[in-house]
Each structure stands twice: as structure tokens, then as C-alpha cells.
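*Asks:*
2 protein chains.
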Amino acid sequence: MNKAAGKLADSDGAKGRLPAHEVIYRQLRDLVLYGDLAPGQAVTIQGLTERLAAGMTPVREAIRRLIAEGALEFQGNRRVCVPLLNAENISEIILARQWLDPHLSLRATQRATPDDLDELTAMDTTLDQSILRGDLRGYLELNYKFHKRLYELAEAPILADMADGLWLRFGPSLRVVCGRLGTQNLPDKHKDLLQAMRARDAEEAARAIREDVIQGMEQVRQSFGGQDPLN
Amino acid sequence: MNKAAGKLADSDGAKGRLPAHEVIYRQLRDLVLYGDLAPGQAVTIQGLTERLAAGMTPVREAIRRLIAEGALEFQGNRRVCVPLLNAENISEIILARQWLDPHLSLRATQRATPDDLDELTAMDTTLDQSILRGDLRGYLELNYKFHKRLYELAEAPILADMADGLWLRFGPSLRVVCGRLGTQNLPDKHKDLLQAMRARDAEEAARAIREDVIQGMEQVRQSFGGQDPLN
DNA sequence: CAGGAAATAATTTGATCATATTCTAGGCAA
DNA sequence: TTGCCTAGAATATGATCAAATTATTTCCTG
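Protein chains in written order, with the working numbering: chain A, 1100 to 1330; chain L, 1100 to 1330.
1. At the 8 Å Cβ level, is A:Q1321 part of the contact set with chain L, yes or no?
2. Taking 8 Å as the threshold (beta carbon to beta carbon), is L:A1186 in contact with chain A?
3. Going by CA-CA distance only, name the one from L:E1310, L:R1248, L:R1279, L:I1257 that's closest to A:E1172.
4. Using 8 Å as the Cβ pair cut-off and three pairs as the minimum, do the stretch 1147–1162 of chain L and the stretch 1137–1152 of chain A touch?
5. Taking 8 Å as the threshold (beta carbon to beta carbon), is L:R1164 in contact with chain A?
6. Using a Cβ-Cβ cutoff of less than 7 Å, which residues in the same chain neighbour A:L1132 once the five nearest sequence positions on both sides are dropped?
7. Tell me whether the beta-carbon of L:S1229 lies closer than 8 Å to the beta-carbon of L:L1292.
8. How long is the line joining the alpha carbons of L:A1259 and L:D1217, rounded to whole angstroms?
9. Do L:Q1197 and L:R1320 come within 8 Å of each other at the CB atom, strictly closer than that value?
10. Give the secondary structure of A:V1179 by DSSP, where H, G and I count as helix, E and B as strand, and everything else as coil.
11. Interface residues of chain A around L:W1198 at Cβ under 8 Å?
12. Between L:M1222 and A:H1289, what straight-line distance do the alpha-carbon atoms span, to the nearest angstrom?
13. In or out: L:M1296 buried (at least 16 other Cβ within 10 Å) or exposed?
14. Could you tell me whether the Cβ atoms of A:G1134 and A:L1241 are closer together than 8 Å?
15. Within 10 Å of its beta-carbon, does A:T1282 have 16 or more other beta-carbons around it, so buried, or fewer, so exposed?
16. For L:D1311, report the span of its alpha helix (DSSP H) as first-last.
17. Only counting the same chain, and skipping five residues up and downstream in sequence, which positions put a Cβ closer than 8 Å to that of A:P1328?
18. Taking Cβ to Cβ, would you say L:I1166 is nearer than 8 Å to L:V1179?
19. Around the Cβ of A:M1316, are there at least 16 other Cβ atoms within 10 angstroms (buried) or fewer (exposed)?
20. Of all the CB atoms in chain A, is at least one closer than 8 Å to the CB of L:R1279?
21. How long is the line joining the alpha carbons of A:L1219 and A:F1245, rounded to whole angstroms?
22. For L:E1172, which three-state DSSP category applies?
23. Output needed for L:L1199: all residues of its chain with C-beta closer than 8 Å, excluding positions within five of it in sequence on either side, in chain order.
24. Does the separation of the CB atoms of A:R1159 and A:Y1124 fall below 8 Å?
25. At the 8 Å Cβ level, is L:G1169 part of the contact set with chain A, yes or no?
26. Let me check understanding here. Comparing Cα to Cα, which of L:V1142, L:H1202, L:L1285, L:G1169 lies closest to L:E1254?
27. What separation, rounded to the nearest whole angstrom, lies between the Cα atoms of L:V1122 and L:P1157?
28. Would you mind sorting A:T1212 into buried or exposed? The rule is 16 or more other CB atoms within 10 Å of its CB.
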């Protein structure tokens, strides 16, 4: 006889009912996205089972997912590492984001409610505080989530997935660049974007985010593409 | 530093040395890509272990990869199915391909060698034969491989990955549409494209592939977005 | 007495782990 | 340098546990 067993009576731990492989995936994803893993660094299954205190099977599945998304790289012979971008890769990402991000911002501007705009504004304010505090990790996380929220508001899940996937690819490199430059020297165009969105000027919003993308990604290109010409 | 010997000299072993999860992944990928799995159909691990005569772990990993690529859909409660596209999804895919494919064709035109062009021409010829024969499966496979080869020639791996991923998303729906219309009624612009590529007219090649994309995808949109409004 | 809804049992399927096997890398000796 | 050998990591299997859907039963209502 099975008892009710409690739907959500998670007295044992603070974890929700998410399967382990999903939890591990998100943790590993954040590790990549916020640059806790350096470009080129090897990623081993057993290393992650220890670091994340997980079983082998969930870790394997999480790694496969990240490889499929381009966040990790399978090196032929059983080895997995964090991708090391070259100048051409970065140019491709810039090109794709220059098309995707403005398009998504345009749609988001047409669909965002006043509450949505307030939420974005609040996120941007918190982001500025992280910059002033010199909190690099906080900056990276909030900057990503700001753009991610924008993608969601566009109500175009496939295009949003594509844009999201690009962040996973340049996340590790972005961390390196920001670490060199310091957070103070990383301006953004979020204020222009929010002003245009409040005015419901979708074209202007697209233009603002396009500049934001170019400004941010060009720093990555120069810091990386210029310094590492060979290889 | 010496390289390890023995690149690919496995002439004796009939089977390649590919790991099982890689083999299963490719088989399952083809199943999705060429419409052997219908949109909306449930995909079970145990069903695939029987169908593909494989163990449970490789199948699980293959499914995770396909989910990450958007080829399969995770339905919250442990279930996995083949995505059922709606009109908005199809519009997104059309939009993305309208940008990606011309861009890749343009780059491919600038980089293709005469041998590459001969190869593409041969593929297109075989494709025409499949159409005449009424060989739907052969048509789907060759049509995909023609475009896939084009992506490779562009030498832009990230953009190519993105375009490739879109094929996985509309593959099952494409099969349904082609099954309804018959292969005879599926014209393409490959001849125009090849002519432009041979003339090294990159702009014209981009224009041709753009028309090819629109022509093909609009049939999917009309056949699906119009006919299946509810559900 | 019949029909249906809710609860419960049963079966199917997914998630996880422990373990055995296979492969790669690097050290060591000739 | 070359070849073998060992260590360690990745791959793959099967068993076990947990969850969800389906089927069944029961009880209430008309």
C-alpha cells in the first residue's frame, strides 16, 4: 500500500523535484557561462562527480548536453574541454548576434508590458551596482540574465535558443576579457535600450542593442583575436 | 613532440571504432531528420533500446543530445517526444534560414573549388533521380546532404551548426508535407544556385538559395500552419 | 440497477548507481 | 627513439529504485 508520500513535502532537503541530471546540467552550465572554467581547460567526468558531489550518470548526460550546445568540446579521443575560440569563431558569433539580438529586441519591445520594463530596469540597476562594486562574477551573471530576459520577452523560442546558445560559446572568453579590463571599463547601451522600449520605439531599441552587442563583442575580438593570431 | 601513430588505418576491423553512444546518436538523428518518427510521437528509452538493439546508457545520451539540439522535446514529466511545430515556430525557422542560408552560400561560393562544385552538381543529379523515382526517403536525405555540404564549404562552423540545427527541427514536419504533396511537386532552385556558384557570383548564389529556402519552407508553413489550427 | 467518478492497484518507463570492460596516455626499459 | 606495460579515466551493462500512466475496482448517485 503506497501512502500519499507527500507531493511536495521536501523535508529532507531544499531541492525541488528536479531530476539530478537537470540540476547538474544547470550547475555545469553556470560554470561555463560565468567563466569558472577557463578556455582550453579539460573537463573530466570524475572531476565533476567530486566537484558537484554527484553520480557518474547524471554528469555524463550533462556533459553531452553542453557539448551539443557548443558549450564544451569533444576532442575525438574521449577527452572533453572548454572551447578555445579563435578570431574567426568570434567573428561568426558577432555576425550572428548582430542579426539575432536586434531582431529579438524589436519583438520584445512590441510585447513587453510596463511590469516587464520595470523588471528590466531593476535588473540594470543591480547590474550597475555590481560594476561599481567591482563584482565581476555578479556583473557577468546579471548582464547575461538581462539579455536572457529580453530574449524571453520576444516570444520566439527557437530564435531565443539560438541566441542563448551563443552566450555559452563566448562565456569563458568573456570572463577572461573582463578579468583583464576590469568591470569599470565595460560600458553598455542598456539605458538607451530601455528608453527606446519605454517609448515603444522598436527600431531604436534594435539599434541600441546592436550597438551594445558590437561594443561588447569587439572588445572580446580585440582582446582575443588580436593577441592570438596563430594557432 | 611526436604524434601518436595510426590515424585511421583500421582496414582490418570492419566496424569503425566509434563509441556506441555516437553510433546510436547518428541513427536516432537520421530517424528524426528523415521523418521516420512522426511529429508528436513519443520517444521512449526502452523502445529505442529494442529498435536499435542498444544498451540503455548510450540511448539516454543520444536522446539528451537531440533534446539539446531541439530535435526532440522534453515534456516536463520525464516524457520525450518529437516536437509538433505550430505556425509561429515555422515562421521563426523561415526567418532564421532566410538569413543563415544565403550568408553561408555566399561564403561557400567564395571558397568552393571546382571539385567541390562538381561534387554538388553530382549530388543534385542524384537528387533529381530520386524525385523521378518517387523515392521520398532518398529525396529527403539527398536534399539535406546537399545543403549540409554547402554549409561545410562556407567554413563557418558555428553558423553551420546553427543552420544544421534548424533542419533537425523541421525534419519531421517536412516529411509529412512531402508525403502529402508527393516528390514531383517539390521544385528547388539548386540549378540556379550551382550556375551562380560556377560563375563565382556570390550575391546571385545567395539570392538563389534564399528563394530555395522560401519556396520549400512556405509549403511547410501552408501545409501545417493552415491546416492544423487547433490542437 | 446502471452509470460514472474517484481511489487504488498494476504495469510500464525513467533515473540512478555500482561494477565490469575498454581505451588512452604516459612512464620505463631496451 | 621505440615498444611494452601499467595506471587511470571513459564507456557500457544490468540491477534497483522511483515515478507516472493505465487499468481496475469500488462506492456513490440518479
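For glycine and all other residues, C-beta sits at the position ideal for the given N, C-alpha and C.
Quantities reported herein were computed from a predicted structural model and do not represent experimental measurements.
*Replies:* With the given structure in hand:
1. As a working mapping, residue 1321 of chain A is identified with position 222 in the first sequence. It does not; no Cβ of chain L falls within 8 Å.
2. In the second sequence, counting from the first residue as 1, residue 1186 of chain L sits at position 87. Taking Cβ atoms only, chain A never reaches closer than 8 Å to L:A1186, which makes this a no.
3. Counting from one through the first sequence, the residue named residue 1172 of chain A turns up at place 73. Nearest of L:E1310, L:R1248, L:R1279, L:I1257 to A:E1172, Cα basis: L:I1257.
4. Touching, no.
5. In the second sequence, counting from the first residue as 1, residue 1164 of chain L sits at position 65. Yes, contact with chain A.
6. For the purposes of this step, residue 1132 of chain A is taken as the residue at position 33 of the first sequence. Contacts found: Y1243, W1266, L1267, G1270.
7. Looking up residue 1229 of chain L in the second sequence gives position 130. Looking up residue 1292 of chain L in the second sequence gives position 193. No, they are not a contact pair.
8. Translated into the one-based positions of the second sequence, residue 1259 of chain L becomes position 160. Translated into the one-based positions of the second sequence, residue 1217 of chain L becomes position 118. L:A1259 and L:D1217: Cα-Cα distance of roughly 21 Å.
9. Here residue 1320 of chain L refers to the residue found at position 221 when the second sequence is read from its first residue. Here residue 1197 of chain L refers to the residue found at position 98 when the second sequence is read from its first residue. Cβ distance not < 8 Å, so L:R1320 and L:Q1197 don't count as in contact.
10. On the first sequence, residue 1179 of chain A is found 80 positions in, with the first residue counted as 1. Reduced to three states, the DSSP call for A:V1179 is strand.
11. Position 99 of the second sequence holds residue 1198 of chain L. Per Cβ cutoff of 8 Å: W1198.
12. Here residue 1222 of chain L corresponds to residue number 123 of the second sequence, with the count starting at 1. Here residue 1289 of chain A corresponds to residue number 190 of the first sequence, with the count starting at 1. Rounded to the nearest angstrom, the two C-alpha atoms are 48 Å apart.
13. Translated into the one-based positions of the second sequence, residue 1296 of chain L becomes position 197. L:M1296 counts as buried, since at least 16 other C-beta atoms from the protein chains shown sit within 10 angstroms of its C-beta.
14. On the first sequence, position 35 is the one that residue 1134 of chain A refers to. On the first sequence, position 142 is the one that residue 1241 of chain A refers to. Not closer than 8 Å, so no.
15. In the first sequence, residue 1282 of chain A corresponds to position 183, counting from 1. Result: buried.
16. As a working note, residue 1311 of chain L is residue 212 in the second sequence. Here the alpha helix (DSSP H) through L:D1311 covers 1301–1320.
17. Position 229 of the first sequence holds residue 1328 of chain A. With a pLDDT of only 39 at A:P1328, under 50, the local geometry of the prediction cannot be trusted, and no value is derived from it.
18. Taking the first residue of the second sequence as position 1, residue 1166 of chain L is located at position 67. Taking the first residue of the second sequence as position 1, residue 1179 of chain L is located at position 80. Yes, the pair counts as a contact, with Cβ atoms nearer than the cut-off.
19. Locating residue 1316 of chain A in the first sequence gives position 217, counting from the first residue. Flag for A:M1316 reads buried.
20. Within the second sequence, the letter at position 180 stands for residue 1279 of chain L. Not one chain A Cβ lies under 8 Å of L:R1279.
21. Taking the first sequence and counting its residues from 1, the one referred to as residue 1219 of chain A is at position 120. Taking the first sequence and counting its residues from 1, the one referred to as residue 1245 of chain A is at position 146. If you take the alpha carbons of A:L1219 and A:F1245, they lie about 7 Å apart.
22. Residue numbering aside, residue 1172 of chain L sits at position 73 when the second sequence is read from its first letter. Looking at L:E1172 - three-state DSSP - the assignment turns out to be strand.
23. If you number the second sequence from 1, residue 1199 of chain L lands on position 100. Here the set comprises L1258, M1261, A1262, L1265.
24. The sequence position of residue 1159 of chain A within the first sequence is 60, counting from 1. The sequence position of residue 1124 of chain A within the first sequence is 25, counting from 1. Going by C-beta atoms, A:R1159 is not nearer than 8 Å to A:Y1124.
25. Working through the second sequence from its first residue, we reach residue 1169 of chain L at position 70. It does; some Cβ of chain A falls within 8 Å.
26. The sequence position of residue 1254 of chain L within the second sequence is 155, counting from 1. That would be L:H1202, whose Cα lies nearest to the Cα of L:E1254.
27. The residue you call residue 1122 of chain L lines up with position 23 of the second sequence. The residue you call residue 1157 of chain L lines up with position 58 of the second sequence. When rounded, the distance between both Cα atoms is 9 Å.
28. Position 113 of the first sequence, counting from 1, holds the residue named residue 1212 of chain A. Answer is exposed; the Cβ neighbour count stays below 16.
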